[in-house]
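Q: Numbering (the working numbering), first residue to last: 1076 to 1349.
For glycine and all other residues, C-beta sits at the position ideal for the given N, C-alpha and C.
All values reported here derive from a predicted model rather than from experimental measurement.
The structure follows.
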Amino acid sequence: MANKIEVKDLLEAGVHFGHLTRKWNPNMAPYIYMERNGIHVINLYKTAAKLEEANEALKKIAQSGRKILFVATKKQAKDIVSEKVSKVNMPYITERWPGGMLTNFVTIRKAVKKMAAIDRMKKDGTFLTLSKKERLQVDRLRAKLEKNLGSISDMTRLPGALFIVDTMREHIAVKEAIKLKIPIFAMADTNSDPRLLDYIIPSNDDASKSIEAILTHVTDAIAEGLAERKSEKQSGKEGKEAPAKKAEEAPAAPKKEEVVTEETTKTEGSTATE
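Right, dumping it as structure tokens:
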């Protein structure tokens, strides 16, 4: 069971701190509690409710077996995202967003395959047949691909959803997801446009403590969905095996000639008397 979302914990993590009032997006007004010292304060009760809603949807996506792509290229979020998300085996982008990552996914997959091809070269010894200069170039290419695309190497098809930290920074990812109708989950600060998102989590997307607090709940929900998927698969296997075992254990039906009825016994007895 995922950890219960407590408003007190969100408050301690500084999730309620918004942007300067002059930088706000008026569409975020329903999620703003008040203004203090020129900064908007987010309503954490609404944050908790929206986070609960987002977690439920993410859990279902994970349970269905689809991938959720996490996008966070800002310095404060990089390490947190890579650490938390890798635990639930989901793809993530923490370096520069590669243009066409979603809309031109075939090309991105080719680059990932190139990385796998280099690895094969190193295993089968082909790499050693190259000149020193060529080996250096291949190594540099491999390192570059690993840095930008290593975390999405297992993503063989378009993700079932996107989770974004700071939609203003990751606006290209938002546009691509909207174009392909991929659901967008996001931590949205008071300067964001909530109309672009399917699931909004009104929160401070600049502080590392706030990002960590939200991502802990999100990844817990995903882990729960994955665990349920695993148990469903196991129970399905057991269900298939049970009838087969029963069939094996069932006693074989007696042969026709071995069946001795009361009537045949009587007939044989009367014949013997005669």
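For residue 1195 and residue 1209, I'd like the C-alpha separation in whole angstroms.
A: As a position in the sequence shown, residue 1195 is number 120, starting the count at 1. As a position in the sequence shown, residue 1209 is number 134, starting the count at 1. Distance between the alpha carbons of residue 1195 and residue 1209: 16 Å.
Q: Taking just the CA atoms, how far does residue 1237 sit from residue 1189?
A: Here residue 1189 refers to the residue found at position 114 when the sequence shown is read from its first residue. Here residue 1237 refers to the residue found at position 162 when the sequence shown is read from its first residue. Computed Cα separation, rounded: 25 Å.
Q: I need the straight-line Cα distance from residue 1276 to residue 1230, nearest angstrom please.
A: Locating residue 1276 in the sequence shown gives position 201, counting from the first residue. Locating residue 1230 in the sequence shown gives position 155, counting from the first residue. Those two C-alpha atoms are separated by around 25 Å.
Q: Using the Cβ count rule (16 or more neighbours within 10 Å means buried), how would you classify residue 1165?
A: As a first step, residue 1165 must be located in the sequence shown, where it is residue number 90. Buried.
Q: Should the stretch 1107-1120 be regarded as contacting the stretch 1243-1258, the criterion being three or more beta carbon pairs within less than 8 Å?
A: Segments in contact, no.
Q: What residue range does the beta strand (DSSP E) around residue 1111 cover?
A: The residue given as residue 1111 occupies position 36 in the sequence shown. From DSSP, the beta strand (DSSP E) with residue 1111 extends over 1107-1111.
Q: Please give me, in chain order, every unbroken run of the alpha helix (DSSP H) with length at least 4 that falls completely inside the stretch 1111-1150.
A: The qualifying runs are 1119-1139.
Q: Identify the residues that DSSP records as bridge partners of residue 1277: which are they?
A: Counting from 1 along the sequence shown, the entry for residue 1277 is found at position 202. 1263.
Q: Can the beta-carbon of residue 1146 be found closer than 8 Å to that of residue 1081?
A: Stepping through the sequence shown from its first residue, residue 1146 is reached at position 71. Stepping through the sequence shown from its first residue, residue 1081 is reached at position 6. Cβ atoms of residue 1146 and residue 1081: not closer than 8 Å.
Q: Could you tell me whether the Cβ atoms of residue 1278 and residue 1243 are closer together than 8 Å?
A: Walking along the sequence shown from the start, residue 1278 turns up at place 203. Walking along the sequence shown from the start, residue 1243 turns up at place 168. Not in contact: residue 1278 and residue 1243 (Cβ atoms no closer than 8 Å).
Q: Distance check for residue 1192 and residue 1291, CA to CA, integer angstroms please.
A: Reading the sequence shown from its first residue, position 216 is the one you call residue 1291. Reading the sequence shown from its first residue, position 117 is the one you call residue 1192. Each residue's alpha carbon lies about 35 Å from the other.
Q: Nearest-angstrom Cα distance between residue 1201 and residue 1232?
A: If you number the sequence shown from 1, residue 1201 lands on position 126. If you number the sequence shown from 1, residue 1232 lands on position 157. Each residue's alpha carbon lies about 30 Å from the other.
Q: Less than 8 Å between C-beta atoms, sequence neighbours within five positions excluded: which residues of the same chain meet that for residue 1213?
A: Looking up residue 1213 in the sequence shown gives position 138. Once the five neighbours on either side are set aside, the close Cβ partners of residue 1213 are 1193, 1196, 1202 and 1205.
Q: Hey, how far is the Cα of residue 1270 from the Cα of residue 1131?
A: On the sequence shown, residue 1270 is found 195 positions in, with the first residue counted as 1. On the sequence shown, residue 1131 is found 56 positions in, with the first residue counted as 1. The straight-line gap from Cα to Cα measures roughly 20 Å.
Q: Quick one: Cα of residue 1095 to Cα of residue 1304, how far?
A: What you label residue 1095 is simply residue 20 of the sequence shown in a count that begins at 1. What you label residue 1304 is simply residue 229 of the sequence shown in a count that begins at 1. Taking the straight line joining both Cα atoms gives about 43 Å.
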